[in-house]
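The sequence shown lines up with residues 13 to 314 when you count with my numbering.
A virtual CB, placed ideally from N, CA and C, is assigned to each residue, including glycine.
The next block holds one structure in the form of C-alpha cells; read it before the comments.
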Amino acid sequence: MGEYLQQIRGFQRDIRLFLLYNLFANVGFGVFQLIFNLYLTELRLREDDIGAFTAAQTLSMAAVSASLGMLFRRFGLWRCIFSGVILFLFSSYGLAFAEHPTPLLLLSATNGAGLAFMFTGTMPFIIEWVRRDQRQHVAAISFSVISLSTTVGALVGGFLPGVIPASDVGVFRWTLVIGSTIGAIGLAPLLLMGPARAGRGPADPTAAREAEGPAERRQVRRDVSVFVLIGGLMALGAGMVMPFYNVYLTTLGASSQEIGYIFALGGLCAATVGLAAPALSRRYGSLRAVPIVRLSVVPFYV
C-alpha cells in the first residue's frame, strides 16, 4: 500500500484530480446502486417494472458506449466525462422524486447514458494522459478507488435510512438525494484540471506504435472481438444477478444497513483484486492475468 501511495504522489496533478473525482462520483453511485431498487419496492412496483427500468438503463449505456469513440474525438475526453456526470446527477435527483413508471423509465435511460460516459471514459483518459510505463499502476489504482468509493457509498446508503426521520418512501428518497449530492462534489476536481480540461498535452514518447498492414489490423480486430465477447458474456451474467440482489436480500429479512455491509464487503474484495492485478500481470503475463482476475468472482455467485 505504501508503494501505491508513493506512486500517487508522483502522478501529475490532473491524474490525482481524476482519482479524487472518481472517489466522490462513485460514492454517489454506490448509494444509488444500493438504494434505488429498495426505493422502487417501497413504491410497490413489481419486479417486472424494476427489470424494465434496469433494462432501459443498461440498453442506454450500451447504445451511448458504442458511439463514445466518435464523441471523444469530436468533443474531447474531459467534456464527455463532465457531461456524463451532469447527466448522471440530473437523472439521479429526478429518479429520487419520480413515482410513476413513465418518468422512471425515461430517467433510467438518461441515467444509463450518464454512466456510460463516466465508466467508459476511465481507460481512454488514462491512456491519453498517463505515460505507458505508468498506465498499469494508474489503472489498478483508479479501479480500486472506484471499488473503495462504491464500498463507502454502500455503507453510507445502508446507514442513512436508519437516521433520517421520514416515512419509508421518504427515507430512501432522501438517501438518494444525499448520495447524489456527495457525487456532485466530484465535479470540483474535474473543474480544477488544467491540461486535461483544455485538451492539451505533450505527446507520449513511450506510446506503442499502431498496427500497420492488413494482417496486423486483422489480428487486432480478432483480439478485440474476443475481449468484447468475453466482456459481454460476463456482463450478461452480472446483469442477471446484480439488479435484483438487494431486493432478494430484503425478501430474506435483511435491513438496508445489513445490505450495505454486504455490498461494502464486495467492494473491498474488488479493490483488493484490483490492487493485486499489476503483480499478477508481472508474474503470469497480462494475457493470463485477465482470466485469473475475471474468473475469481465466479465461485461467489454460486
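Between the beta-carbon of L188 and that of A68 there is about 17 Å, and that puts the pair past the 8 Å contact cut.
Comparing alpha carbon positions, the residue from N123, L117, I194 closest to V43 is I194. Under the 10 Å beta carbon count, H112 is surrounded by fewer than 16 other beta carbons and is classified as exposed. V175 is not a Cβ neighbour of A128, given a cutoff of 7 Å.
Of the candidates R21, R28, G22, Q18, the residue whose Cα lies closest to the Cα of M205 is R28. The segment 167-185 makes contact with the segment 261-274; the number of CB pairs closer than 8 Å reaches 3 or more. Between A37 and M130 a beta carbon distance of about 6 Å is seen, short of the 8 Å cut, so the two are scored as contacting. Secondary structure of A266 (DSSP, three-state): coil. By the criterion of a C-beta distance shorter than 6 Å, V183 is surrounded in its chain by P173, I176, once the five residues flanking it on both sides are discounted.
For S72, same chain residues with a beta-carbon under 8 Å away, outside a window of 5 residues either side, are S120, A121, T122, N123, G124, A125, A128 in chain order. Within the segment 73-161, complete alpha helix (DSSP H) segments of at least 4 residues are found at 80-87, 89-109, 113-132, 134-141, given in chain order. Here DSSP, grouped into helix, strand and coil, assigns R230 to helix.
Rounded to the nearest whole angstrom, the CA to CA distance from G81 to F102 is 24 Å. In summary, F87 is exposed, with fewer than 16 beta-carbon neighbours lying within 10 Å of its beta-carbon over all protein chains present. Within the segment 13-58, the runs of alpha helix (DSSP H) that reach at least 4 residues and sit entirely inside it are, in chain order, 14-22, 25-54.
Counting only residues of its own chain and dropping the five nearest sequence neighbours on each side, D180 has a CB closer than 6 Å to the CB of E54. A208 is classed as buried because its beta carbon has at least 16 other beta carbons within 10 Å across all chains shown. In the same chain as I139, and ignoring 5 residues on each side of it, the C-beta atoms closer than 7 Å to its own belong to R147, in chain order. Nearest neighbour of I197 by Cα position, chosen from A110, T114, L35, T162, turns out to be L35.
Within its own chain, the residues whose Cβ lies closer than 8 Å to the Cβ of G106, once the five positions on either side in sequence are excluded, are P115, L119, T122, listed in chain order. Each of E59, T132, R58 was checked against the Cα of S79, and the nearest Cα belongs to T132. I47 is the residue among T162, F137, I47 whose C-alpha sits nearest the C-alpha of T262. D26 and L167 have their C-alpha atoms some 28 Å from each other.
Taking a C-beta distance under 7 Å as the contact criterion, L202 and F94 qualify as a contact pair. One thing to note: V157 has its Cβ no nearer than 7 Å to the Cβ of V150.
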